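Have a look at the structure below before the remarks.
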Amino acid sequence: MTCHVRVEPPVAPAFERDLDAAEIVMGRVSSAGLVLPDVSVSRQHARLFQRDGGWWVEDLGATNGTELNGVKISGPTKLSAGDRLRMGGTVVQFDPPPPEPEWRPPTPDPMPAASTDRQAARLQTLNDIHRALATAISLPDLLDLILERCFRVLAPEEGVILLKDAAGNMTPAASRQKPGASSAVFISRRLVEEVAGKGEPALVLDAALDERFSGSESIMTAGVRSVAAAPLADAEGTLGMIALSSRVSVRQFSEADLDLLVSLASAAALRVRNVALAEEAAERRVLERELALAHDMQMAMLPRAMPDRREVSLAARLTPARSVGGDLYDFVLAPDGLWFIVADVSGKGVGAALHMAVAKTLFRATVNGAAPRDLPRVLARINQELCRDNEQMIFTTAIIGHLDWTTGTLTLADIGHLPVVLVDSQGRITTPEVPKNIAFGVIEDAGFDVATIALAGGSVILLYTDGATDARDTRGTLFGAERLAGAIAAGVGQGDRATAEAMVSAVAAAVEAFSAGAPPEDDLTLFAIEYRG
Numbered sequence: 147m148t149c150h151v152r153v154e155p156p157v158a159p160a161f162e163r164d165l166d167a168a169e170i171v172m173g174r175v176s177s178a179g180l181v182l183p184d185v186s187v188s189r190q191h192a193r194l195f196q197r198d199g200g201w202w203v204e205d206l207g208a209t210n211g212t213e214l215n216g217v218k219i220s221g222p223t224k225l226s227a228g229d230r231l232r233m234g235g236t237v238v239q240f241d242p243p244p245p246e247p248e249w250r251p252p253t254p255d256p257m258p259a260a261s262t263d264r265q266a267a268r269l270q271t272l273n274d275i276h277r278a279l280a281t282a283i284s285l286p287d288l289l290d291l292i293l294e295r296c297f298r299v300l301a302p303e304e305g306v307i308l309l310k311d312a313a314g315n316m317t318p319a320a321s322r323q324k325p326g327a328s329s330a331v332f333i334s335r336r337l338v339e340e341v342a343g344k345g346e347p348a349l350v351l352d353a354a355l356d357e358r359f360s361g362s363e364s365i366m367t368a369g370v371r372s373v374a375a376a377p378l379a380d381a382e383g384t385l386g387m388i389a390l391s392s393r394v395s396v397r398q399f400s401e402a403d404l405d406l407l408v409s410l411a412s413a414a415a416l417r418v419r420n421v422a423l424a425e426e427a428a429e430r431r432v433l434e435r436e437l438a439l440a441h442d443m444q445m446a447m448l449p450r451a452m453p454d455r456r457e458v459s460l461a462a463r464l465t466p467a468r469s470v471g472g473d474l475y476d477f478v479l480a481p482d483g484l485w486f487i488v489a490d491v492s493g494k495g496v497g498a499a500l501h502m503a504v505a506k507t508l509f510r511a512t513v514n515g516a517a518p519r520d521l522p523r524v525l526a527r528i529n530q531e532l533c534r535d536n537e538q539m540i541f542t543t544a545i546i547g548h549l550d551w552t553t554g555t556l557t558l559a560d561i562g563h564l565p566v567v568l569v570d571s572q573g574r575i576t577t578p579e580v581p582k583n584i585a586f587g588v589i590e591d592a593g594f595d596v597a598t599i600a601l602a603g604g605s606v607i608l609l610y611t612d613g614a615t616d617a618r619d620t621r622g623t624l625f626g627a628e629r630l631a632g633a634i635a636a637g638v639g640q641g642d643r644a645t646a647e648a649m650v651s652a653v654a655a656a657v658e659a660f661s662a663g664a665p666p667e668d669d670l671t672l673f674a675i676e677y678r679g
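So the mapping is simple: our numbering equals the position in the sequence shown, first residue as 1, plus 146.
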């Protein structure tokens, strides 16, 4: 049994449907049997179904409920002819099936040839637009095509398509004028408010006589008298509008013209949304490829292999919170020992990664040829360069030091960083006292203090960034210093001699297990040096 309904959405033209399925779901989702273009309607709002030779309606738990003739329904309810259902801002009128039309012999077409030609041209325009919408077309080309077809069939003097920008303002996206036009395309703020603001089409036969626009100075000044305008709207809301205008002496638009324009706008709205989403997706794919390339380049800047020396063994891990980050570790082999750095640039992402590359370059350049006693001068030079032109006030914390191959003397500087962990050959875990200095990039003429520590053979020092202590689990709990100490103790083992690799692996595994399922809070870097003596 067929059911006939008339749907009156709040932001789109009314339409009618004949429904003959045993059950029809009504809602905003595109897979619904009856799609309701209304943001206040739930995705699956209500259903119509046949029972006992009649039609019934049932609410599907919609947020705004379903009203029948002004009364909210609470269960399956039988429908009668003329009943009005309200779902959100949409009204659906239920009517019995229309009577079968009585067959009559065909009669000659009473329309004049000119009217028939005009109707055929309009149908051809709709067909062209629908065919264009089914092809791969860019948004600017789509808008130009719509205006070109409107000029071919409706013959306005000028036309414009406005689209809503990121700030919610209606801005011109495409326009067209008849040849010879000398002025800018006409755009009326009052017309925008009437059409885009209310989501309703507007037909102005003569602006001088229309109460809505008779006081609009911009319309009168532009000489525009007749206007046809329709919103570009879909289930998500109003995307924009299209407006055609002419002087009355040239072209006066009719209701039939407005109907055609509304049909064009309805057909185009969904495609405009889809094209915009597709272009955004394409831009994201380009950005993702660029970030993947940046990630590979940043990882390539890290040391490719650890030194093969009998005096030391090194181990390291670096995991950016995003594709790229601001952490770094590096080392330089000198004739008398090992220079090393672990640093953390404030912030994350591309900006921090670029600053990291600068810090790494400065480290290598300044320690080249330097002696351990030169460490304060090395730090001052790095700081001066990082302060230069630092308008974004990006700062960098770091641990920088030198380990003497022969004596085990460790010269160490803490640049506003997290403390170093020392594990001696007996497995005892301590935090050496190292003077705390201000971070790089804050004060250009800052001075720096250093500490000297004597390492015995079998000692391991661990350097890390706050991606370890600041890691969180899915409930938001911090990993913290106590869990870090436990992970270090696990790396030392029970009575076994600590190694750089065991230390780094234990901490990395503990942080990963703790934060499994939660996004990383910050870049994580671990760097361990085992001094063998």
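Beta carbons: idealized from backbone N, C-alpha and C, even for Gly.
All values reported here derive from a predicted model rather than from experimental measurement.
With distances taken from CA atoms, which of the options is nearest residue i?
i      : options                           : result
Ala178 : Asp164, Val185, Gln398 and Arg193 : Arg193
Leu378 : Ala348, Ala411, Ala505 and Leu464 : Ala411
Thr148 : Glu169, Asp668, Pro155 and Pro159 : Glu169
Tyr610 : Leu291, Asp560 and Val175         : Asp560
Asp689 : Val185, Gly199 and Asp184         : In this structure the chain extends from 147 to 679, so residue 689 is not present and cannot be described.
Gly388 : Glu658, Arg371, Thr317 and Arg450 : This sequence places Ile at residue 388; Gly is not what is there. Ranking Glu658, Arg371, Thr317 and Arg450 by Cα distance to Ile388 puts Thr317 first.
Arg298 : Leu406, Ile584, Glu531 and Asp550 : Leu406
Thr542 : Val588, Gly554, Arg393 and Lys224 : Val588
Met502 : Glu531, Arg519, Ala517 and Ala526 : Glu531
Thr577 : Ala585, Phe594, Gly497 and Ser605 : Ser605
Ser400 : Glu667, Met452, Thr384 and Leu351 : Leu351
Val171 : His191, Pro159, Val157 and Asp184 : His191
Arg397 : Leu349, Gly554 and Asp476         : Leu349
Can you give the Cα-Cα distance for residue i and residue j, rounded to whole angstroms?
i      : j      : result
Arg456 : Leu568 : 20 Å
Asp591 : Gly386 : 56 Å
Leu460 : Asn529 : 27 Å
Lys344 : Cys296 : 23 Å
Gly515 : Ala480 : 8 Å
Phe161 : Pro325 : 37 Å
Val153 : Leu269 : 24 Å
Asn273 : Met447 : 57 Å
Ser284 : Ala312 : 19 Å
Arg523 : Asp482 : 18 Å
Ser186 : Ser334 : 29 Å
Glu429 : Arg419 : 15 Å
Lys506 : Val491 : 11 Å
Ala664 : Ala617 : 9 Å
Gly682 : Pro155 : For residue 682 there is no data in the structure shown, the boundaries of the chain being 147 and 679.
Pro466 : Thr552 : 35 Å
Leu180 : Leu231 : 13 Å
Ser321 : Leu337 : 16 Å
Met233 : Ala414 : 25 Å
Arg435 : Leu288 : 28 Å
Val650 : Leu670 : 11 Å
Ala451 : Asp380 : 57 Å
Arg629 : Asp619 : 12 Å
Ala402 : Val175 : 31 Å
Met539 : Gly497 : 12 Å
Lys310 : Ser372 : 24 Å
Asp535 : Pro581 : 28 Å
Gly235 : Glu382 : 13 Å
Pro302 : Arg417 : 24 Å
Consult DSSP for residue i and reduce its assignment to one of helix, strand or coil.
i      : result
Met257 : Confidence is the limiting factor: at Met257 the pLDDT is only 49, short of 50, which leaves the residue's position unreliable, though a coordinate-based value still follows. Reduced to three states, the DSSP call for Met257 is coil.
Ala517 : coil
Leu484 : strand
Gln538 : coil
Asp476 : strand
Met452 : coil
Met132 : Look at the range of the chain in this structure, 147 to 679, and you will see that residue 132 is not part of it.
Met502 : helix
Arg335 : helix
Val238 : strand
Thr465 : strand
Rounded to whole angstroms, how far is the Cβ of residue i from the Cβ of residue j, which I believe are closer than 8 Å?
i      : j      : result
Phe625 : Ala635 : Incorrect: roughly 15 Å between the Cβ atoms, too far for contact.
Arg463 : Ala654 : 5 Å
Leu474 : Ala489 : 5 Å
Thr212 : Lys218 : 7 Å
Ala674 : Ala631 : About 15 Å separates the two Cβ atoms, so there is no contact after all.
Val513 : Leu484 : Rounded, the Cβ-Cβ distance is 10 Å, inconsistent with contact.
Leu558 : Ile545 : 7 Å
Trp201 : Thr223 : The pair is not a contact, with the Cβ atoms about 10 Å apart (cut-off 8 Å).
Does the beta carbon of residue i come closer than 8 Å to any beta carbon on chain C?
i      : result
Ala462 : Note that chain C does not occur in the displayed structure, where there is just one protein chain.
Where are the beta strand (DSSP E) runs, 3 residues long or more, that stay fully inside the region 575-611, in chain order? Counting only runs of 3 or more, we get 597-600 and 605-610.
Write down every uninterrupted run of the beta strand (DSSP E) in the region 157-212 whose length is 3 residues or greater and which is fully enclosed by it, in chain order. Fully enclosed beta strand (DSSP E) runs of 3 or longer: 161-165, 169-173, 192-197 and 200-205.
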